[in-house]
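Take a look at the structure set out below.
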Amino acid sequence: MPSGKAHVTTVENDRPRRLRVGRTTGDRVFRGTARGFGVLVLLIMGGIGIFLAVEAAPAFGEFGWGFFTTVEWNPESGALGIAAVLVGTLTVATLAMVVAFPLALGTALYISQYAAPKAKRWLIAMVDLMASVPSVIYGLFGAYLLQPEMVYVSRWLHDMLGFIPVFQVDTDPDAAVFAQSRYTASALIAALVVAMMVLPYACMVMREVFDQAPQGEREAAYALGATRWGMVRAVVLPFGRGGIVGGTMLALGRALGETIAVVLIIAPLFEIKVRILENGTITIPSLIATRYGESVGIQLAALLAAGLVLFVITLVTNSIAAVIVTRGRSGADTEI
Amino acid sequence: MTAVLKTPQETKRNLHGRTVDDRVAPLGAALGALALMSLLYDRLLPLSGSLGFVVCWYVTFVVLYALVSAYRHPAPAVTDRVAGVLIRTCALVVGGSLALVIGYVFVRGAPAIIHPNIFTEDMTAGPHDPLTTGGVLHGIVGTAVQIGIAITITLPLGIGCAVFMTEVGGTLARLVRTVVEAMTALPSIVCGLFVYIAFLLTFDVQRNGFAASLAISVMMLPIIARSAEVVLRVVPNGLREASLALGASQWQTVRKVVLPTARPALATAMVLGVARGIGETSPVLITAGYTTFLNANPFEGPMVSLPLFAYTNARSPEPLLQTRAFGAAAVLMVLVLLVFLLARLAAAGRRRS
Chain A
1 MPSGKAHVTT
11 VENDRPRRLR
21 VGRTTGDRVF
31 RGTARGFGVL
41 VLLIMGGIGI
51 FLAVEAAPAF
61 GEFGWGFFTT
71 VEWNPESGAL
81 GIAAVLVGTL
91 TVATLAMVVA
101 FPLALGTALY
111 ISQYAAPKAK
121 RWLIAMVDLM
131 ASVPSVIYGL
141 FGAYLLQPEM
151 VYVSRWLHDM
161 LGFIPVFQVD
171 TDPDAAVFAQ
181 SRYTASALIA
191 ALVVAMMVLP
201 YACMVMREVF
211 DQAPQGEREA
221 AYALGATRWG
231 MVRAVVLPFG
241 RGGIVGGTML
251 ALGRALGETI
261 AVVLIIAPLF
271 EIKVRILENG
281 TITIPSLIAT
291 RYGESVGIQL
301 AALLAAGLVL
311 FVITLVTNSI
321 AAVIVTRGRS
331 GADTEI
Chain B
337 MTAVLKTPQE
347 TKRNLHGRTV
357 DDRVAPLGAA
367 LGALALMSLL
377 YDRLLPLSGS
387 LGFVVCWYVT
397 FVVLYALVSA
407 YRHPAPAVTD
417 RVAGVLIRTC
427 ALVVGGSLAL
437 VIGYVFVRGA
447 PAIIHPNIFT
457 EDMTAGPHDP
467 LTTGGVLHGI
477 VGTAVQIGIA
487 ITITLPLGIG
497 CAVFMTEVGG
507 TLARLVRTVV
517 EAMTALPSIV
527 CGLFVYIAFL
537 LTFDVQRNGF
547 AASLAISVMM
557 LPIIARSAEV
567 VLRVVPNGLR
577 EASLALGASQ
587 WQTVRKVVLP
597 TARPALATAM
607 VLGVARGIGE
617 TSPVLITAGY
627 TTFLNANPFE
637 GPMVSLPLFA
647 YTNARSPEPL
657 LQTRAFGAAA
667 VLMVLVLLVF
677 LLARLAAAGR
687 RRS
């Protein structure tokens, strides 16, 4: 198209006039005020971060690397360390995710791909509601209803799988009157409750991403004769991979910081152990919740340092989650 | 001609809906599994109890269903059916556990909340007094006052900050966004510890309701700012450009176009943030202090809130106090449900417009 070409060249010579937009007084006030809000929030949030770091610094100075390797938390003897607490925190959070991940994935798939369109709205509301149920209610449920039931499940797991170190408990499962109390207040029970609490967060992210799976590709899969599950495997899951990983990480971040439900269930025990069925464990939030009152000076700094370590871990987890969610193909425009 | 006349006998195959096989196969598998389990359970398996029975029944059901399907269908269809069953089970388990959690709190709390005095009295009554005296009025008042102050602090700040991040933009906005996103990772118990050290210990004041509000605010502010930003960001840019092209100033665009467009979604996001603030116990645990008396003054003396009341009494070995804890938790749950309903109504407004 020669004429079109000629036309294009003339357009290229045409340069837009430089516009100088003067902002009105109202706009300047608006932008200034908005910026003020932004700076204020930045100062508050940044201030909190810096304050935590400064206040926790004496603990790191006093204990050095020993803070991360000392098992006990014993203010009387001056031995304060978070080795056991850190292991406990990670154990509970990991276990919670092991339980929550498949359930969240299945529920998200159900809501986005299987449920009737009319039911979908209600199901989304249900997941939102599950995220808004106060943690103390989950804690009460775990401590009073789940715990007595879980004692028997734990004993059975111990009996059947006790040869694996993780499922060992320091008692005899086959005794005529078995030691019930050895199976209570364990990491597993706390993890189950935490799993229920963080599950909706993972589910929300996954569901949103699955919903964005391109309609054209889904129909193409059906047209090629795929079953519903075949379509999900070929289109929805690969498309939503970013959301699956990201949502799981986000939920993991919340699992790490969960306090009240864990405090209501576990029996504090400062010991590095991986025996998830056995009575006693400790996490960083529950350490803070149970020990802040009796702490002064360096102990308080140590508690704050433990909190800071937890903050850094959740921050890293959340950041990785954010990067994965945004980097994935999810949201890319692939409509046919 | 005759060939044409014969065609009406052909019936169109129904592509929707389920065939008889689709309906009967899972039912048959479920019944078969039930029969098999009632025969074998307790005799052959190293299991006992109803939970074990349900689990075994379910596993047998899935296996039987796969076998029945494999009779008449190719492998992909069998996989599809099994996957469908597993996915539906996940949703059922999640929905069931939510119903169980909420139901359990109401069932255990019922003996306490059937007495109206739970809404009108504080715990001046002793721990051994019957449920007909004493209540959680102080907790309700405390929750209302604390969340009220927290909303007053966080809502303007959060929305203002979100407007800055989406409408003004620039390098500073990116920095603010990064810091706000980072602070959403701050564990709620650390928020409480921060206020405890920075406010209560530094100024040497007794624990009070205002400190609790501050702790809740520290927890809520990044959540509110972030969700408000997400909501404002999805307002179509075309609307902004149209408004600016018509000669509106930026402030007019924000006030007359962006905020009204986002209002229902913004309301939903805010209400959900508030629900989080109402239910969170850990920041309050460290900062509010515990009292059995009604205290409506946030600046003087300890001030208990509903979740804190429930938490403290649940740790008591006294069954009567535990019932009171469940009562408080039930009241709290009603409160959260009401707030949640409000959010839903706001969302419904969005759909209509």
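Chains as they are written, first to last, in our numbering: chain A, 1 to 336; chain B, 337 to 689. All residues carry an ideal CB built from backbone N, CA and C; glycine is no exception.
Would you please verify whether the beta carbon of residue 459/B is less than 8 Å from any beta carbon of chain A? Looking up residue 459/B in the second sequence gives position 123. Chain A contact via Cβ: absent.
Can you confirm whether residue 680/B, when its beta carbon is compared against all beta carbons of chain A, has any partner nearer than 8 Å? In the second sequence, the residue the question calls residue 680/B occupies position 344. Residue 680/B counts as touching chain A.
Under three-state DSSP, which class holds residue 4/A? Position 4 of the first sequence, counted from the first residue, corresponds to residue 4/A. Only weak support exists for where residue 4/A lies, its pLDDT of 46 falling under 50; the coordinates are left without a value.
Could you list the residues in the segment 206 to 232 of chain A with a C-beta less than 9 Å from some C-beta on chain B, going in chain order? Under the 9 Å Cβ criterion, the segment 206 to 232 of chain A contributes 225, 226, 227, 228, 229, 230 and 232.
Would residue 696/B pass as a contact of residue 624/B if the rule is Cβ separation under 8 Å? Nothing about residue 696/B can be read from this structure; chain B reaches only from 337 to 689.
What are the boundary residues of the alpha helix (DSSP H) that residue 586/B is part of? Indexing the second sequence from 1 puts residue 586/B at position 250. Unbroken alpha helix (DSSP H) run through residue 586/B: 586 to 589.
Return no unless some Cβ of chain B is closer than 8 Å to the Cβ of residue 191/A. What you label residue 191/A is simply residue 191 of the first sequence in a count that begins at 1. Not one chain B Cβ lies under 8 Å of residue 191/A.
Compare the Cα-Cα distances from residue 36/A to each of 586/B, 497/B, 641/B and 606/B and report the closest residue. On the first sequence, residue 36/A is found 36 positions in, with the first residue counted as 1. Of the listed residues, the one whose Cα sits closest to residue 36/A is 497/B.
What does residue 487/B reach in chain A if we use C-beta pairs closer than 8 Å? In the second sequence, counting from the first residue as 1, residue 487/B sits at position 151. Chain A residues near residue 487/B: none, gap ~16 Å exceeds 8 Å.
Contact under 8 Å by Cβ, residue 107/A with residue 411/B: Here residue 107/A refers to the residue found at position 107 when the first sequence is read from its first residue. Here residue 411/B refers to the residue found at position 75 when the second sequence is read from its first residue. Taking 8 Å as the Cβ cut-off, residue 107/A and residue 411/B do not qualify as a contacting pair.
Along chain B, in chain order, which residues have C-beta atoms closer than 7 Å to that of residue 27/A? Against the first sequence, residue 27/A aligns to sequence position 27. 585, 586 and 587, listed in chain order.
Nearest by alpha-carbon distance to residue 230/A: which of 420/B, 386/B and 678/B is it? Indexing the first sequence from 1 puts residue 230/A at position 230. Comparing Cα-Cα distances from residue 230/A to each of 420/B, 386/B and 678/B, the minimum goes to 420/B.
When you compare each of 141/A, 22/A, 117/A and 83/A to residue 269/A by their alpha carbons, which one comes out closest? Locating residue 269/A in the first sequence gives position 269, where the first residue counts as 1. Among 141/A, 22/A, 117/A and 83/A, the Cα nearest to that of residue 269/A belongs to 83/A.
How many Å lie between residue 577/B and residue 541/B at the Cα? Counting from one through the second sequence, the residue named residue 577/B turns up at place 241. Counting from one through the second sequence, the residue named residue 541/B turns up at place 205. Each residue's Cα considered, the two are about 52 Å apart.
Helix, strand or coil at residue 122/A according to DSSP, with G and I counted as helix: In the first sequence, residue 122/A corresponds to position 122, counting from 1. The answer is helix: DSSP assigns residue 122/A an H, G or I state.
Kindly list the residues whose CB is nearer than 7 Å to the CB of residue 617/B, restricted to its own chain and excluding five residues on each side of it in sequence; keep chain order. The residue labelled residue 617/B in the question sits at position 281 within the second sequence. Excluding residues within five positions, the ones whose Cβ falls inside 7 Å are 643, 644 and 647.
Give me the chain A residues within the contact set of residue 358/B, using Cβ-Cβ distance strictly less than 8 Å, ordered along the chain. The residue you call residue 358/B lines up with position 22 of the second sequence. The premise fails here: residue 358/B is roughly 12 Å from chain A at the closest Cβ pair, so nothing lies under 8 Å.
Do you know offhand how far residue 365/B's Cα is from residue 398/B's? Numbered from 1 along the second sequence, position 29 holds the residue referred to as residue 365/B. Numbered from 1 along the second sequence, position 62 holds the residue referred to as residue 398/B. Cα-Cα distance, rounded: 8 Å.
What does residue 385/B reach in chain A if we use C-beta pairs closer than 7 Å? Locating residue 385/B in the second sequence gives position 49, where the first residue counts as 1. Chain A residues near residue 385/B: 152.
For the segment 274 to 290 of chain A against the segment 209 to 229 of chain A, do three or more pairs of beta-carbon atoms, one drawn from each stretch, fall closer than 8 Å, so that the two count as touching? The segment 274 to 290 of chain A, when compared against the segment 209 to 229 of chain A, does not touch it at the 8 Å Cβ threshold.
Do residue 608/B and residue 128/A have their C-beta atoms closer together than 8 Å? Counted from its first residue, the second sequence places residue 608/B at position 272. Counted from its first residue, the first sequence places residue 128/A at position 128. Between residue 608/B and residue 128/A, the C-beta gap is smaller than 8 Å, which places the two residues in contact.
Quick check: residue 529/B and residue 315/A, are their CB atoms within less than 8 Å of each other? As a first step, residue 529/B is located in the second sequence; it is residue number 193 there, counting from the start. As a first step, residue 315/A is located in the first sequence; it is residue number 315 there, counting from the start. The answer is no: Cβ separation not under 8 Å.
Using beta-carbon positions only, say whether residue 251/A and residue 202/A come within less than 8 Å of one another. In the first sequence, residue 251/A corresponds to position 251, counting from 1. In the first sequence, residue 202/A corresponds to position 202, counting from 1. Yes, they are a contact pair.
Between the segment 129 to 143 of chain A and the segment 185 to 194 of chain A, do three or more beta carbon pairs fall short of 8 Å? Under the three-pair Cβ rule at 8 Å, the segment 129 to 143 of chain A counts as touching the segment 185 to 194 of chain A.
In angstroms with no decimal places, state the Cα-to-Cα distance between residue 533/B and residue 48/A. Position 197 of the second sequence, counted from the first residue, corresponds to residue 533/B. Position 48 of the first sequence, counted from the first residue, corresponds to residue 48/A. Our two residues, residue 533/B and residue 48/A, have alpha carbons roughly 11 Å apart in a direct line.
When we look at the beta-carbon of residue 524/B and count the other beta-carbons within 10 Å, is it buried (16 or more) or exposed? Translated into the one-based positions of the second sequence, residue 524/B becomes position 188. The residue in question, residue 524/B, is buried, as its Cβ has 16 or more Cβ neighbours within 10 Å.
Proximity below 8 Å, CB of residue 308/A to CB of residue 125/A: Against the first sequence, residue 308/A aligns to sequence position 308. Against the first sequence, residue 125/A aligns to sequence position 125. Going by beta carbons, residue 308/A and residue 125/A fall outside the 8 Å limit.
Helix, strand or coil at residue 649/B according to DSSP, with G and I counted as helix: To locate residue 649/B, count along the second sequence from 1; it is residue 313. Residue state, collapsed to three classes: helix.
Close-in-space but distant-in-sequence residues of the same chain around residue 369/B (CB under 6 Å, 5 per side omitted): Residue numbering aside, residue 369/B sits at position 33 when the second sequence is read from its first letter. Closer than 6 Å at the Cβ level, and outside the excluded window around residue 369/B, lie 393, 396, 397 and 400.
Proximal chain A residues relative to residue 557/B, where beta-carbon distance stays under 8 Å: Here residue 557/B corresponds to residue number 221 of the second sequence, with the count starting at 1. Those are 41, 44 and 45, listed as they occur along chain A.
What first and last residue would you give for the alpha helix (DSSP H) that runs through residue 208/A? As a working note, residue 208/A is residue 208 in the first sequence. Residue range 187 to 211 is occupied by the alpha helix (DSSP H) that includes residue 208/A.
For residue 447/B and residue 467/B, believed in contact at Cβ under 8 Å, the rounded distance: For the purposes of this step, residue 467/B is identified with residue 131 of the second sequence, where counting begins at 1. For the purposes of this step, residue 447/B is identified with residue 111 of the second sequence, where counting begins at 1. Contact between residue 467/B and residue 447/B holds, since their C-beta atoms are separated by about 6 Å, short of 8 Å.
Beta-carbon spacing of residue 593/B, residue 575/B below 8 Å: Here residue 593/B is taken as the residue at index 257 of the second sequence, counted from 1. Here residue 575/B is taken as the residue at index 239 of the second sequence, counted from 1. For the pair residue 593/B and residue 575/B, the CB atoms are nearer than the 8 Å cut-off.
Touch check for the segment 482 to 500 of chain B and the segment 552 to 564 of chain B: three-plus C-beta pairs under 8 Å? Segments in contact, yes.
Can you tell me whether residue 471/B is buried or exposed, with buried defined as 16 or more other CB within 10 angstroms of its CB? If you number the second sequence from 1, residue 471/B lands on position 135. Flag for residue 471/B reads buried.
On the DSSP bridge assignment, give the partners of residue 80/A in chain order. By 1-based counting over the first sequence, the position of residue 80/A is 80. Answer is 73/A.
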